[in-house]
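J.: Numbering (the working numbering), first residue to last: 2 to 434. Ideal placement from N, C-alpha and C gives every residue a C-beta, glycine not left out. Being a predicted model, the structure only gives us computed values, none of them experimental. Let me begin by handing over the structure; questions about it come next.
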């Protein structure tokens, strides 16, 4: 596969970074894919064509534009299903409900289980969106982590056995270390004890194969959530895929237009199927573009994407670990990681490092705790609330210096030359210390 030709399909790769100090413009090196990705030209072209020639609101419209848009919109669930290994979504026992972002999709999943007896078991790896939504609805124990940054599966088994668990909520790929928990093994362990499993697939979907498996399979993934903006699509569309029966058992997520078959003065009759939880007008164009981005990745082949990104990750991780003064987090085998690396430079504040990578090298990274505070603080060995508070220095009564790290994350159009440039720039910053 010629990844240079793939790279050329992304207009963002031609962006130059210009700073106000009059310094020479720098070629953008984008390594913030874990936060958001950019759409390739084939996806953008279809998106623009839709908005210019075809767009209308979907469902309950008999004019041509509405019918055309509805047809395109209703193709997307099947595309999502096929991307995660479901050949015939309609007869699989699963369905897709669209939402605005992974956070809202995970919150919908939490809503589906809110009235069921038992607890949700989350993990210390999670993005806050797959943790706080469950905490807000009841006691939420957490699976502990080991010193290397991986899940403690002995602790998982213990809590499954003793804590009356109804749902396990776990990421398919950490947005901090790239660690991919053994989600199918965890699914079987949950099912053996009568629990279901919810997968936050936001970080993994565009980078590594994710297979739901049939509902009757012991390693079946009951629910998965992900968003288009992390899958080379424009902003504003996400999905929750899962068990039709569980969707239908729950009250509508937001009772409103689109969720009912009939409303009288005294009663409302709610739909079953995806519409039951599909409130208001969806992001039609964003959802269609999401499907187009999955087509784009499928045409490349997700296995080829994985191989390309793994080669870059190997160079990046080894290079960082060989630079004296750089600390990387998570001692995790490459085969268990997606292309995400968090690190610090000794005696330099993470925000300053991220700023300088952009200023000196045109390199876009992320810094902070990445909405995964418990995991990052554990990796940083900041272990109690008093210590956390003592490390937070209030500046002018407003800004706060918080513990954190710098994160570089790889995408399909990154190159070996960009990784080498990144490592050289980090070395330059280390010499500043």
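Report all residues from its chain with a CB closer than 8 angstroms to the CB of residue 14; omit the five preceding and five following residues, and keep chain order.
T.: Correct list, in chain order: 8, 29, 31 and 414.
J.: Rounded to the nearest angstrom, how far is the Cβ of residue 155 from that of residue 194, given a contact under 8 angstroms?
T.: Going by Cβ atoms, the distance from residue 155 to residue 194 rounds to 15 angstroms, so no, they are not a contact pair.
J.: Measure the alpha-carbon distance for residue 290 versus residue 50 and round it to whole angstroms.
T.: Taking the straight line joining both Cα atoms gives about 11 angstroms.
J.: Quick one, which of 201, 208, 166 and 202 has its alpha-carbon nearest residue 192's?
T.: Nearest C-alpha to residue 192: 166.
J.: For the beta strand (DSSP E) that residue 367 lies in, which residues bound it at each end?
T.: Here the beta strand (DSSP E) through residue 367 covers 367-369.
J.: Return the chain-ordered list of same chain residues with a C-beta closer than 7 angstroms to the C-beta of residue 52, the five sequence neighbours on each side being excluded.
T.: Result list for residue 52: 286, in chain order.
J.: At 4 residues or longer, what runs of the alpha helix (DSSP H) sit wholly inside the stretch 64-103?
T.: You should have 65-84.
J.: What residue range is occupied by the uninterrupted beta strand (DSSP E) comprising residue 170?
T.: Segment 166-172, the beta strand (DSSP E) holding residue 170.
J.: Distance, Cα to Cα, residue 440 vs residue 201?
T.: With the chain represented from 2 up to 434, any question about residue 440 goes unanswered, as that position is not in the structure.
J.: Can you list, in chain order, the residues of its chain with a C-beta nearer than 8 angstroms to that of residue 237? Leave out the 5 residues immediately preceding and following it.
T.: Closer than 8 angstroms at Cβ, skipping near neighbours: 101, 102, 229, 230, 284 and 287.
J.: So, is residue 176 buried or exposed, given that buried needs 16 or more other C-beta atoms within 10 angstroms?
T.: Burial call: buried.
J.: Considering only C-alpha positions, which residue in the set 382, 72 and 340 is nearest to residue 33?
T.: Cα-wise, what sits closest to residue 33 is 340.
J.: Smallest Cα separation from residue 113: which of 76, 210 and 170?
T.: Answer by Cα proximity: 170.
J.: Is residue 163 helix, strand or coil when you go by DSSP?
T.: Residue 163: helix per DSSP, three-state reduction.
J.: Please report the straight-line C-alpha distance between residue 246 and residue 223, rounded to a whole angstrom.
T.: So the alpha carbons of these two residues sit roughly 11 angstroms apart.
J.: Let me make sure I understand the geometry here. Which of 350, 315 and 55 has the alpha-carbon closest to that of residue 411?
T.: With distances taken between Cα atoms, residue 411 lies closest to 315.
J.: Near residue 150, what residues of its chain come up, given a Cβ to Cβ distance below 7 angstroms and the 5 sequence neighbours on each side ignored?
T.: Excluding residues within five positions, the ones whose Cβ falls inside 7 angstroms are 178, 180, 330, 331, 332, 333 and 380.
J.: CA-CA distance, residue 88 and residue 94?
T.: So the alpha carbons of these two residues sit roughly 12 angstroms apart.
J.: Would residue 209 be called buried (16 or more neighbouring beta carbons within 10 Å of its own) or exposed?
T.: Residue 209 comes out buried.
J.: Can you tell me the Cα-Cα spacing of residue 299 and residue 434, whole angstroms?
T.: Between residue 299 and residue 434, the C-alpha separation is close to 45 angstroms.
J.: Which stretch, first to last residue, makes up the beta strand (DSSP E) that contains residue 408?
T.: Start and end: 406-410.
J.: In this structure, does DSSP put residue 197 in helix, strand or coil?
T.: Three-state DSSP puts residue 197 in a strand.
J.: Which same chain residues end up closer than 6 angstroms to residue 424 when comparing Cβ atoms and leaving out the 5 residues on each side of it in sequence?
T.: If we look at residue 424 and ignore the five residues flanking it on each side, its Cβ neighbours are 320.
J.: Hey, how far is the Cα of residue 250 from the Cα of residue 328?
T.: Computed Cα separation, rounded: 48 angstroms.
J.: Measuring straight from C-alpha to C-alpha, what distance separates residue 132 and residue 148?
T.: The alpha-carbon atoms of residue 132 and residue 148 are separated by roughly 21 angstroms.
J.: Please report the straight-line C-alpha distance between residue 46 and residue 99, rounded to a whole angstrom.
T.: One C-alpha to the other measures close to 22 angstroms.
J.: Whole angstroms is fine: what's the gap from residue 232's alpha carbon to residue 374's?
T.: Distance between the alpha carbons of residue 232 and residue 374: 24 angstroms.
J.: Could you tell me which uninterrupted beta strand (DSSP E) segments, each at least 3 residues in length, are contained entirely in the stretch 248-323, listed from first to last along the chain?
T.: Listed in chain order, the complete beta strand (DSSP E) runs (minimum 3 residues) inside the stretch 248-323 are 261-264 and 269-271.
J.: Along the chain, where does the alpha helix (DSSP H) containing residue 225 start, and where does it finish?
T.: Per DSSP, residue 225 belongs to no alpha helix (DSSP H); it is in the beta strand (DSSP E), 224-228.
J.: Am I right that residue 1 and residue 255 are in contact with their C-beta atoms under 8 angstroms? What's the rounded C-beta distance?
T.: With the chain represented from 2 up to 434, any question about residue 1 goes unanswered, as that position is not in the structure.
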